[in-house]
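Number of protein chains: 2
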Amino acid sequence: MVKLPRYRQIAGDLRAKIVSGELREGDRLPTEPQLQELYDASRNTVRDATALLVNEGLVESVRGRDGGMVVRRRDTLTFHAHRAEMPAGKTGETDAWRSEVEQQGYEASQEFQLTIEALPADLAERLHVEPESSAVLRRCVRSINGAPSSVQDTYYPMDLAEEVRELLSPRDIPQGTTRLLAERGYSQTGYYDEYVSRMPTPEEAGLLALPAGTTVLVHTRTGYTSQRPVRVSINVFAGDRNRIVSTLGDAAVIAQFRPEEAAE
Amino acid sequence: MVKLPRYRQIAGDLRAKIVSGELREGDRLPTEPQLQELYDASRNTVRDATALLVNEGLVESVRGRDGGMVVRRRDTLTFHAHRAEMPAGKTGETDAWRSEVEQQGYEASQEFQLTIEALPADLAERLHVEPESSAVLRRCVRSINGAPSSVQDTYYPMDLAEEVRELLSPRDIPQGTTRLLAERGYSQTGYYDEYVSRMPTPEEAGLLALPAGTTVLVHTRTGYTSQRPVRVSINVFAGDRNRIVSTLGDAAVIAQFRPEEAAE
DNA sequence: CAGTGGTCTAGACCACGCG
DNA sequence: GCGTGGTCTAGACCACTGG
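This is the structure we're talking about:
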């Protein structure tokens, strides 16, 4: 057996109390002076221990007099990748998101922003256009119960936006962009989905108000008509608060065993 | 503008040099004494700065005389969720994984392990059996170029394993379990996929040899025959080194614009 | 105000791994 | 051996927030 440094022993001890349920979500860890006393260690050593737990996403510090290190909550929202933009979908992707959130008992809100950007190489490749081409970026910061939860960046090639000029409107498009495009002859029939997990950039951490130790789940969807790629959507989710689900194949059996999937 | 603490300024400075390309993958940051000199700060302060970058997954410490803080590499392996176990698939899931890895120019290896477990509540729900029921757990630790890259845990309900007894073999099943089950009348026709991003547990960090600041991408797949769920597979990927892709709808268009998808 | 964690310093000794 | 980062101590002052 290897000898662990003291701060890791302390962290392991506290972690065990969390996973065993002795300390529950929302409970406070002992304060730093208490931990120093308990483990006979200096302040920096106990701080190294709690910092480890913070970076593991298990605890979070709360400021102020009655603050402290608090065991983080782990309620996750489920997001259905296949519901948002299926060709035959009855709702636009915006309403799809909102209705999913509200169905799970939360309050949904979002903020739009429109800019014109030069496409970085990786996105240009997905849209099959030259790097540095112009594109319309429609950004949507989505909040749940007032707290930012995910950011969706959708890029449309410039030539498409010039033909479907509503894409240049700096506001939410009521029927949803997917349906709008379908009405103009750009019905999406194929999707290429990518999933990546990583630590947030400082910009993302700011936008989503992520505490340390929170990951992001990035879902990149390229949408195709029968002719060409027409959009790239990048969804950045706060890791611990979101889950993406998707079904493949025979949906009937799945609905039978997972009734909540049958909705809509 | 808010005043940032010194260690965040230092971290921001170094981060900017990394994302701008001034410091490239594999390059070493200045040593701690150099950083103290450069920024006129104490050792602990510069260590706070580098610790931040480590936890962001940007740099990694390398031990020894010529060690130091090194900018991490970001080559990612692509894993196709839809290739592994489609009903009509020509290869078992094991070979599918191996061939994907080798196709991308890496060397693949894996280790099996078989145990009998009592199902925790969340998995029992997916398999539609009572919590604490017995299940066969087939674990596969997958390595790329000798370094562990992902762990796949697949659970089969006990009654199924008693009927298809090869599932109890503590070795790789040559043709793949999916095809084996199909041969015995348990052809999988539906899948329920879940994606989650989070920090690794200490156990996972050990199994996958994850440095600090590395996330995991968890892909949970429940497989159904036309009658019932027959398996739950939990794939835990080292975040920064893996990407999961999947296609939906009209595959022909996608293949046209993403030729690498046409393979197999 | 009092008590929480956040930032910062100065110094000590240890563990690793290349030469 | 020697330079790297890893662990640990003791002490100081600051920022936030509830009572």
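Top to bottom, those sequences are chains G and H. In this text, residue positions in the first sequence follow the working numbering: the first is 1, and each later residue adds one. In this text, residue positions in the second sequence follow the working numbering: the first is 1001, and each later residue adds one. Heads up, the beta-carbon is just placed ideally off N, CA and C, and yes, glycines get one too. Quick caveat, the model's predicted, so the values are computed rather than measured.
Open item on the list: To be precise: take each residue of the stretch 1116-1140 of chain H, compare its Cβ to all Cβ atoms of chain G, and keep it if any distance is under 7 Å. Which residues remain?
Closed with: HIS1128
Open item on the list: Taking 9 Å as the threshold (C-beta atoms), are SER1042 of chain H and THR1050 of chain H in contact?
Closed with: no
Task: Where MET1327 of chain H sits in the DSSP three-state scheme - done: Here chain H covers residues 1001 to 1264 and nothing more, so residue 1327 of chain H does not appear.
Task: Residue environment, ALA1088 of chain H, which counts as buried when at least 16 other CB atoms sit within 10 Å - done: Bear in mind that a pLDDT of 47 at ALA1088 of chain H, under 50, signals an unreliable position, so the model cannot answer this.
TODO: Have a look at G:ALA118, G:ARG228 and G:GLY190 and flag the residue whose alpha-carbon is nearest the alpha-carbon of LEU137 of chain G.
DONE: G:ALA118
Task: Cα-Cα separation, GLU264 of chain G to THR247 of chain G - done: Residue placement at GLU264 of chain G is poorly supported in this model, since its pLDDT is 42, which falls under 50; the coordinates are not used for a value here.
Open item on the list: List, in chain order, every chain H residue whose beta-carbon is nearer than 8 Å to that of ASP13 of chain G.
Closed with: Here the premise fails: no neighbours, minimum Cβ distance about 13 Å.
- [ ] Identify, in the order they occur along the chain, each residue of the same chain with its Cβ nearer than 8 Å to the Cβ of GLU56 of chain G, setting aside the five sequence neighbours on each side.
- [x] ARG15 and GLY213
Task: Secondary structure of GLU111 of chain G, DSSP reduced to three states - done: strand
Open item on the list: Suppose you measure from the CA of ASP250 of chain G to the CA of GLY239 of chain G; what does that come to, to the nearest Å?
Closed with: 29 Å
Open item on the list: Going by beta-carbon coordinates alone, are GLU1194 of chain H and HIS1219 of chain H separated by less than 9 Å?
Closed with: yes
Open item on the list: Based on DSSP bridge pairs, tell me the residues matched to LEU217 of chain G.
Closed with: G:SER197 and G:PHE237
Open item on the list: On the CB-based measure, 16 or more other CB atoms within 10 Å of its CB, does ALA1096 of chain H come out buried or exposed?
Closed with: buried
Task: Cβ-based burial, PRO1229 of chain H [other Cβ within 10 Å; buried from 16] - done: buried
Task: Residue closest to GLY21 of chain G, alpha-carbon to alpha-carbon, out of G:VAL71, G:TYR39, G:GLU166 and G:ASN44 - done: G:VAL71
Open item on the list: Looking only at its chain, what residues have a beta carbon closer than 6 Å to the beta carbon of LEU181 of chain G, apart from the 5 residues adjacent to it on each side?
Closed with: none
- [ ] Go to ARG142 of chain G, then tell me how far its alpha helix (DSSP H) extends in each direction, as first and last residue.
- [x] No alpha helix (DSSP H) holds ARG142 of chain G; the beta strand (DSSP E) holding it covers 134-144.
Task: Proximity of SER149 of chain G and SER143 of chain G at Cβ, strictly below 9 Å - done: yes
TODO: Using only alpha-carbon positions, find the residue among G:PRO120, G:ASP75 and G:VAL141 that is nearest to ALA205 of chain G.
DONE: G:VAL141
Open item on the list: Distance check for TYR1156 of chain H and GLU1162 of chain H, CA to CA, integer angstroms please.
Closed with: 10 Å
- [ ] Determine the burial state of PRO200 of chain G: buried for a count of at least 16 other Cβ atoms within 10 Å of its Cβ, exposed for fewer.
- [x] buried
Task: Cβ-based contacts, 7 Å cut-off: residues of the stretch 66-77 of chain G near chain H - done: none
Open item on the list: Between the alpha carbons of GLU1025 of chain H and GLN1034 of chain H, how many angstroms are there, rounded?
Closed with: 20 Å
- [ ] Using only alpha-carbon positions, find the residue among H:SER1226, H:ARG1063, H:ARG1126 and H:GLN1103 that is nearest to ARG1079 of chain H.
- [x] For clarity, residue 1079 of chain H is Phe in the given sequence; the question names Arg instead. When each option's Cα is compared against that of PHE1079 of chain H, the closest is H:GLN1103.
- [ ] Return helix, strand or coil for ILE1116 of chain H, following the three-state DSSP convention.
- [x] strand
Open item on the list: Assuming TYR1039 of chain H is part of the alpha helix (DSSP H), what are its boundary residues?
Closed with: 1032-1039
Open item on the list: Which residues does DSSP list as the beta-bridge partners of LEU208 of chain G?
Closed with: Answer is none; LEU208 of chain G lacks a bridge partner.
Open item on the list: Could you tell me the alpha carbon to alpha carbon distance between LEU1023 of chain H and THR1031 of chain H, rounded to whole angstroms?
Closed with: 14 Å
Open item on the list: 9 Å is my cut-off, CB to CB: does VAL196 of chain G come that close to chain H?
Closed with: yes
Open item on the list: For ARG231 of chain G, list the residues DSSP reports as bridge partners.
Closed with: G:GLY223
- [ ] Return the CA-CA distance between GLN227 of chain G and ASN235 of chain G, expressed in angstroms with no decimal places.
- [x] 24 Å
Open item on the list: 9 Å is my cut-off, CB to CB: does ASN55 of chain G come that close to chain H?
Closed with: yes
Open item on the list: Give me the DSSP bridge partner(s) of ASP153 of chain G.
Closed with: G:ARG139 and G:ILE234
Task: Length of the line joining the Cα atoms of GLU100 of chain G and LEU1210 of chain H - done: 34 Å
- [ ] Please report how far the alpha carbon of HIS128 of chain G lies from the alpha carbon of ILE1116 of chain H, in whole angstroms.
- [x] 49 Å
- [ ] Name the two residues that bound the continuous beta strand (DSSP E) containing GLU60 of chain G.
- [x] 59-62
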